Amino acid sequence: MRLVLRYHAHVESSKSDERSEDLDDVESGSTGARAYLNLIVDLRRSAAAGDRVVHGLGVLPAETVNPADFIDVGLKTATNLITVRLRRDNLYLIGYLPSYRSRWYEFSDTHLIEGSEPLPHDGHYTTLEKKADASRRDIALGFGPTEGAIDALAQQGAPSSVKTHARSLIILIETISEAMRSTVACEFIRSKWELGKAEKPTLRIVTLENSWDDISKAIMENHTVTDRSIAIYIKEGTETPTLQDCVNVIGVLLRGGH
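Letter by letter, the sequence shown follows residues 1229 to 1486 in the working numbering.
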């Protein structure tokens, strides 16, 4: 499998910054796991706004109602190619484009891709889990599931296979978006990639994913997380994480109102 980073940033001045970088084949095993990690690190760097750094972490652009900055990531297996599009300001996956189509599929709750075909549902986890008939904690992650998700979404009429379609979207959201946000999620997936295994994410991983906004806010405000329902998952074995412990679980910061 080959992962290809295509970065498109469209700024208010109407200038655009576009680059395409072919990465090494991302197979299972240690070499592939390193290539996967390198991709996520590159994506975090691409998404961060300018040179602003807080406690060593890049910061995303401010969220806007109608963002014009996106990151496209090409995902190619031996037989199929799709491109997924992320909002740069919050890393939400908003749509995907199979290679046989010229028209993007886009979640029904966003209207950001010109000429796109709306999917019959939004992109919220609650909706996707219902369509998949499975929670995130029931869906295994790793090289095999990622490859399978790409192949499934690349098929003609993919949205009509409701369960498979929703599961595949969850897998790619976890593998790209959540791995960019959370170092814990990224390391979990990288380690499974290296071992050639697929495993379901832990409660800690899912809790930290759900808490990215809160943890980012605490770091931006220069203090630790005090909400115990989040704090106990930041550093295993302690209920009182330090600010640095919070920094350690985040890949890139959500700017929010800062």
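We put the beta carbon where it would ideally sit given N, CA and C, even for glycine. The model shown is predicted, which means the values in this text are computed figures rather than measured ones.
Exercise for review: Could you tell me the distance, in whole angstroms, from the CA atom of T1454 to the CA atom of T1468?
Suggested key: Residue mapping note: residue 1454 aligns to position 226 of the sequence shown, counting from 1. Residue mapping note: residue 1468 aligns to position 240 of the sequence shown, counting from 1. So the two alpha carbons sit approximately 8 Å from each other.
Exercise for review: Quick one: residues in its chain with C-beta nearer than 6 Å to the C-beta of F1416, no 5 flanking neighbours on either side, listed in chain order?
Suggested key: Counting from 1 along the sequence shown, the entry for residue 1416 is found at position 188. Cβ neighbours of F1416 within its own chain (closer than 6 Å, five residues either side excluded): I1433.
Check your understanding: Leaving out the 5 sequence neighbours to the left and right, which residues in its chain are closer than 6 Å to D1441 when beta-carbon positions are compared?
Key -> Along the sequence shown, one-based indexing puts residue 1441 at 213. Shown here for D1441: same chain residues with a beta carbon closer than 6 Å to its own, the five before and five after excluded, namely L1482 in chain order.
Point to revise | Selection from E1449, A1368 and G1385 that minimises the alpha carbon distance to E1345 | key: On the sequence shown, position 117 is the one that residue 1345 refers to. Taking only the C-alpha atoms, the option nearest E1345 is G1385.
**Study point:** T1403 Cβ short of 8 Å to the ligand HEM heavy atom set
**Key:** Within the structure as shown, the ligand HEM is missing, as the structure has no ligands at all.
Review point. How long is the line joining the alpha carbons of H1393 and A1380, rounded to whole angstroms?
Key: Position 165 of the sequence shown, counted from the first residue, corresponds to residue 1393. Position 152 of the sequence shown, counted from the first residue, corresponds to residue 1380. Inter-residue distance for H1393 and A1380 is about 7 Å (C-alpha atoms, whole angstroms).
Point to revise | Cα-Cα separation between N1450 and L1471, rounded to whole angstroms | key: Translated into positions along the sequence shown, residue 1450 becomes position 222. Translated into positions along the sequence shown, residue 1471 becomes position 243. Using only the alpha carbons, I get a separation of about 7 Å.
Exercise for review: Could you say which of K1463, R1331 and H1352 lies nearest to Y1320 if we only look at CA atoms?
Suggested key: Looking up residue 1320 in the sequence shown gives position 92. When each option's Cα is compared against that of Y1320, the closest is H1352.
Review point. Does DSSP put E1464 in a helix, a strand or coil?
Key: Taking the first residue of the sequence shown as position 1, residue 1464 is located at position 236. Three-state DSSP puts E1464 in coil, outside helix and strand.
Check your understanding: With DSSP run on the structure shown, which of helix, strand or coil describes V1477?
Key -> If you number the sequence shown from 1, residue 1477 lands on position 249. In the structure shown, the three-state DSSP call for V1477 is coil.
Review point. With contact counted as at least three CB pairs below 8 Å, one residue from each stretch, are the segment 1288 to 1297 and the segment 1309 to 1329 in contact?
Key: As far as the Cβ criterion goes, the segment 1288 to 1297 touches the segment 1309 to 1329, which means the pair count is three or higher.
Review point. To the nearest angstrom, how far is it from the Cα of K1243 to the Cα of L1423?
Key: One-based indexing of the sequence shown puts residue 1243 at position 15. One-based indexing of the sequence shown puts residue 1423 at position 195. Note on K1243: pLDDT 41, under 50, position unreliable in the model; the coordinate value appears next. Taking the straight line joining both Cα atoms gives about 43 Å.
Point to revise | Whether L1340 touches F1298 by CB criterion (9 Å) | key: Position 112 of the sequence shown, counted from the start, is the residue given in the question as residue 1340. Position 70 of the sequence shown, counted from the start, is the residue given in the question as residue 1298. Their beta carbons are under 9 Å apart, which means L1340 touches F1298 by this criterion.
Check your understanding: Would DSSP call Y1328 helix, strand or coil?
Key -> Position 100 of the sequence shown, counted from the first residue, corresponds to residue 1328. Coil.
Check your understanding: Which of helix, strand or coil does DSSP assign to R1483?
Key -> Against the sequence shown, residue 1483 aligns to sequence position 255. Note: R1483 maps to coil in three-state DSSP.
Review point. Expressed to the nearest angstrom, what Euclidean distance is found between the alpha-carbon atoms of D1473 and G1376?
Key: Here residue 1473 refers to the residue found at position 245 when the sequence shown is read from its first residue. Here residue 1376 refers to the residue found at position 148 when the sequence shown is read from its first residue. Near 34 Å, if we compare the C-alpha coordinates of G1376 and D1473.
Practice item. Measuring alpha carbon to alpha carbon, tell me which of A1446, I1460 and A1459 ends up nearest G1484. Key: As a position in the sequence shown, residue 1484 is number 256, starting the count at 1. Measuring C-alpha to C-alpha distances from G1484 to each of A1446, I1460 and A1459 identifies A1446 as the nearest.
Review point. Is it true that the CB of I1443 sits closer than 9 Å to the CB of I1458?
Key: As a first step, residue 1458 must be located in the sequence shown, where it is residue number 230. As a first step, residue 1443 must be located in the sequence shown, where it is residue number 215. Result yes, Cβ atoms of I1458 and I1443 sit closer than 9 Å.
Check your understanding: If you pair each beta-carbon of the segment 1368 to 1375 with each one of the segment 1272 to 1279, do three or more pairs fall below 8 Å?
Key -> With the cut-off at 8 Å, the segment 1368 to 1375 and the segment 1272 to 1279 do not touch.
Exercise for review: With DSSP as the reference, label K1428 as helix, strand or coil.
Suggested key: Here residue 1428 is taken as the residue at index 200 of the sequence shown, counted from 1. In this structure, DSSP gives K1428 a state outside helix and strand, which the three-state scheme calls coil.
Practice item. Might you give, ordered along the chain, the residues of its own chain that have their beta carbon closer than 8 Å to the beta carbon of E1357, omitting 5 neighbours on each side? Key: Within the sequence shown, the letter at position 129 stands for residue 1357. Sequence-distant Cβ neighbours of E1357 in its own chain, meaning closer than 8 Å and more than five residues away, are S1363, R1364, A1394 and I1398.
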